[in-house]
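Working notes, structure below.
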Amino acid sequence: TYTYIIFNSSRKINDVQVLTVATDENHGLERFLRSAKVYGIDVEVLGKGTKWTGGDMNLPGGGQKINLLKEKLTELSKSGKKEKIILFTDSYDVLFLASIDDILKKFQSFPDTRVLFAAEQFCWPDTKLASQYPNIEVANPYLNSGGFIGYLPEILEIVNYKPVSDKDDDQLYYTKIYLDKNLRESLKIKLDHNSAIFQNLNGALSDVQLKSNTSTEIWPYIENVVTKQRPLIVHGNGPSKLTLNHFGNYLAKAWSSTEGCAMCNEKRIELKDDKLPTVMMAVFIEQATPFLEEFLDQVLTTDYPKDKIHLLLRNNVEYHETEVDDFFQAHAKEYATAKRIKPSDFISESEARNIAKDRCINSACDYLFSIDSLSRLEANTLRHLLSSGYDVIAPLLVRPGLAWSNFWGAVNSAGFYARSSDYMDIVYQNIKGVWNVPFITNCYLAKMSLFRLPATKTVTYTREGIDPDMAFCASLREVGVYMYVSNELDFGHLVNPETYDISRTNPDMYQLFDNKMEWTTRYLHEEYHLNFDEERKHLMPCPDVYWFPLMSKRFCSEWIEIMEAFGQWSDGSNNDKRLESGYEAVPTRDIHMNQVGLERHWLHILKEYVRPLQEMVFTGYYHNPPVSVMNFVVRYRPDEQPSLRPHHDSSTYTINLALNTPNVDFEGGGCRFIRYNCSVRDTKLGWLLMHPGRLTHYHEGLLVTKGTRYIMISFVDP
Ligand code: UDP
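To convert, take the position in the sequence shown, counting from 1, and add 587; that gives the working numbering.
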């Protein structure tokens, strides 16, 4: 082992040995050793690979730590160096925040002290002993055994004071020695009441502040605002482990506002194309999902060779089954293996998720990549997560414009959502990095070798009374597996299923407000944005009649389907109960948008996408939002109403969107502007005609001779 020779101000030579206990190599130990490395501290780990017989650490226990330490100190004592200093700490929930030199200096500033124990606010495990403490009028009155520093002879005497069984409580053992006045005084044992060195977090959360963005310091630190100390070692004792996880995202030079995310690159793996890991891509469709078609496309276009992917496609929504089945039939054979779980299998969500995990554990599968249908990912997400080197990691996904994401920054004592102080900063990418968090969902990558260890046998998606992801994350927390969320890059977003109403025809059409990204991608004309190019010459087929691409082909066909499924076309007479007056002078066969629940949506389209076009060509007229009471689809066909007589519209301007195509879907048709003797017959799918309404553009609907013509009309600003 390695020892330090430290020269302090009085030139006295101190020989320091840093010791800890860790029977298992877990994420807690890894983080502890990282912090030691950051501060140049060499730690000897005792008990490595041996069986933990110290009991359940949520209960009294831990005597094994004393026995391991006793063995080591006995060995050290044989070297005869009396002035050797021993620093002992727990490992799974401890971080070093300073160099050994700083720690030693602090220790030696305690007067008349040969052994200094950490201190905390709770007298544990035996509260009755509180009254025996010599001084409880201090910040942290009681002994904590998670950290102590002192001279070898005294510590040796302490650990040899009497036999202790592995199952006994180590804190109780040390406490009793401390409470013995004679021993306390003869061995010069003191407690670090002010957290000058050791900061225990349990019960101290309002005393301890994380300073993560100060102008004076490069790296974040913690300050005990009650004792005005800057602790050098932090311990997430008892139930404060999640707080330590949060602090650990910043402390020990993990992240800084100027240096960025140190933890992002420390574990990075280079993916070699000839040696790519095998991934089980487990896809879960647990609820009716907007824009599922685009989701399945994304599954297919993931940037990863399909012969390295085992596909598990689970659908539990009858409504989506045909689409999912078509996808599976078409693509299953492209994957290394492919398995389905259908609604008719009657498998619960938690079972399905366990099946995916266990299938991966029990096969030649390196990673589980779990994706819910609500996640929308960039194609390179899987590769990025694989190369991050983290065992369990989620890409940050957020509902656009909202604070809803696929992780929690904290959990409350009941295991439910709680907001961490940095939650919004992570969501908005004000700070970027990889973040240890207590809950992830919707999409994550998990390394399977970790799940093959005995320690993780209890990890499960099934737990009475809580949903599967909460069960999964709770069981990961219990076995000390850290979950991370990365917001280093834009990985995608979440769709919002809350208002998705599958009783509608083409329900995605109704998602303009809740899933605007998907909606505009699918339904806005692919050339819509070209309308705004500076050099663009707007088409004007007749005087002051402008022509713009507005909606996609898909929009037009779905829009017609919605009308036809509704089917209640007006009768073409002058009596119209839908109107306030009850009278329509120039009637058509039509359906109003408020009859099919699309009024709000259409008005939004007018405001967001039509108004800017109007402002471009009819300059100087601004009216926002545009008002339109009459928004309707007209159907012209030979056996019903094939044409419309000349008329003026009661509007400032009128828009007329072609929902289908002349000479393909119908013959004849079009619009004639009588004053100019000008007609538009070759209307274009998804393009709108925009013309002034009231006075100049007296017009008629030309005769449809075959098939059915559909147009969408609005009289804007009547
Ligand atoms: N420990 C160990 N193996 C175990 C459990 C605990 O080596 O299976 C050691 C490790 O150093 C850990 C310490 O015992 O940090 C105390 O356990 P824990 O941190 O769970 O307890 P707490 O600090 O909450 O009392």
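Each residue gets a CB set at the ideal place from its N, CA and C atoms; glycine is no exception.
Model, not experiment: these values are computed from the prediction.
Among G1159, E1167 and F785, the one whose alpha carbon lies nearest that of I690:
That would be F785, whose Cα lies nearest to the Cα of I690.
Alpha carbons only, please: which of V681, D699 and D767 is nearest the one belonging to S718?
If we check each option's Cα against that of S718, D767 comes out closest.
Restricting to runs no shorter than 3 residues, where is the beta strand (DSSP E) found entirely within the stretch 754 to 839?
Secondary structure within the stretch 754 to 839: the beta strand (DSSP E) runs of 3 or more consecutive residues, fully enclosed, are 776 to 779, 785 to 787, 795 to 798, 808 to 811 and 820 to 822 (chain order).
Secondary structure of M1307, DSSP reduced to three states:
Residue 1307 lies beyond the range of the chain shown here (588 to 1305); nothing can be said about it.
Taking 8 angstroms as the line, does the beta carbon of W639 fall inside it for any heavy atom of the ligand UDP?
True, at least one ligand heavy atom lies under 8 angstroms from that Cβ.
So what's M1150 in DSSP terms, helix, strand or just coil?
If DSSP states are grouped into helix, strand and coil, M1150 belongs with the helices.
Threshold first: 3 residues or longer. Then list the beta strand (DSSP E) segments lying entirely within the stretch 648 to 700, N to C.
Every unbroken stretch of the beta strand (DSSP E) spanning 3 or more residues and falling wholly within the stretch 648 to 700 is given here in chain order: 671 to 676 and 681 to 683.
Restricting to runs no shorter than 3 residues, where is the beta strand (DSSP E) found entirely within the stretch 1131 to 1218?
Runs of the beta strand (DSSP E) inside the stretch 1131 to 1218: 1132 to 1136 and 1177 to 1179.
Would you tell me roughly how many angstroms separate the C-alpha atoms of S975 and L1081, rounded to the nearest one?
When only Cα atoms are considered, S975 and L1081 end up about 22 angstroms apart.
For T845, which residues does DSSP report across the bridge?
DSSP, once it has assigned bridges, lists no residue as partnering T845.
Return yes when at least one heavy atom of the ligand UDP lies under 8 angstroms from the C-beta of S678, else no.
The answer is yes for S678.
Assigned exposure category for A1152 - 16 Cβ within 10 Å defines buried
Residue burial is scored here from C-beta neighbours: A1152 has fewer than 16 other C-beta atoms within 10 angstroms and is therefore classed as exposed.
Less than 8 angstroms separating the Cβ of V821 from some heavy atom of the ligand MG?
The ligand MG is not part of this structure, which contains only the ligand UDP.
How many angstroms separate the CA atom of F1219 from the CA atom of T1206?
If I take the Cα positions, the gap works out to 26 angstroms.
Where does I1089 land, buried or exposed, given buried means 16+ other C-beta within 10 angstroms?
Using a 10 angstroms sphere on the CB of I1089, the tally of other CB atoms stays under 16, which defines it as exposed.
Neighbourhood of W842 by C-beta, 8 angstroms cutoff - its chain only, sequence neighbours within 5 removed:
Excluding sequence positions up to five before and after W842, its CB lies within less than 8 angstroms of the CB of S799, P807, N836, C848, A849, M850, I1018 and G1020, all in the same chain and listed in chain order.
Residue environment, L1166, which counts as buried when at least 16 other CB atoms sit within 10 Å:
It counts as exposed.
I942: which of E670, P1055 and K1140 sits nearest, CA to CA?
Nearest C-alpha to I942: P1055.
For A981 and S1073, the rounded distance between their alpha carbons
Those two C-alpha atoms are separated by around 6 angstroms.
Any idea if L788 is buried or exposed, counting beta-carbon neighbours within 10 angstroms, 16 or more meaning buried?
L788 is classed as buried because its beta carbon has at least 16 other beta carbons within 10 Å across all chains shown.
Measure from the alpha carbon of Y906 to the alpha carbon of each residue in N654, N1093, G790 and F1003, then state which is nearest.
It is N1093 whose Cα lies nearest to the Cα of Y906.
Looking at V1214 and P1305, is the spacing between their C-beta atoms short of 9 angstroms?
When the beta-carbon positions are compared, P1305 and V1214 come within less than 9 angstroms of each other.
So which of I1242, K693, V998 and F675 has the shortest CA-CA distance to H1286?
Residue I1242 is the option with its Cα nearest to H1286.
Of the residues S950, E873 and D945, the one placed nearest F933, counting alpha carbons only
Residue E873 is the option with its Cα nearest to F933.
Which parts of the stretch 860 to 909 are runs of the alpha helix (DSSP H), unbroken and 4 residues or longer, counting only runs that do not cross its ends?
For the stretch 860 to 909, whole alpha helix (DSSP H) runs of length 4 or above, ordered along the chain, are 879 to 887.
So, using beta-carbon positions, are L703 and F735 closer together than 9 angstroms?
With a cutoff of 9 angstroms on beta-carbon distance, L703 and F735 are scored as near each other.
So is W991 buried or exposed if we call it buried at 16+ other beta carbons inside 10 Å?
Result: exposed.
Whole angstroms is fine: what's the gap from I1013's alpha carbon to G790's?
As the crow flies, the alpha-carbon of I1013 is around 26 angstroms from that of G790.
What's the gap between the Cα of E658 and the Cα of I672?
The straight-line gap from Cα to Cα measures roughly 16 angstroms.
With burial defined as no fewer than 16 other Cβ atoms inside 10 Å of the residue's Cβ, what is the status of N1023: buried or exposed?
Counting Cβ neighbours within 10 Å, N1023 comes out buried, since at least 16 surround it.
Could you pull the start and end residues of the alpha helix (DSSP H) that I745 belongs to?
For I745, the uninterrupted alpha helix (DSSP H) segment begins and ends at L739 to V746.
Using 8 angstroms as the cut-off, classify the Cβ of A1058 as near or not near the heavy atoms of the ligand UDP, replying yes or no.
Every heavy atom of the ligand UDP is 8 angstroms or more from the Cβ of A1058, so no.
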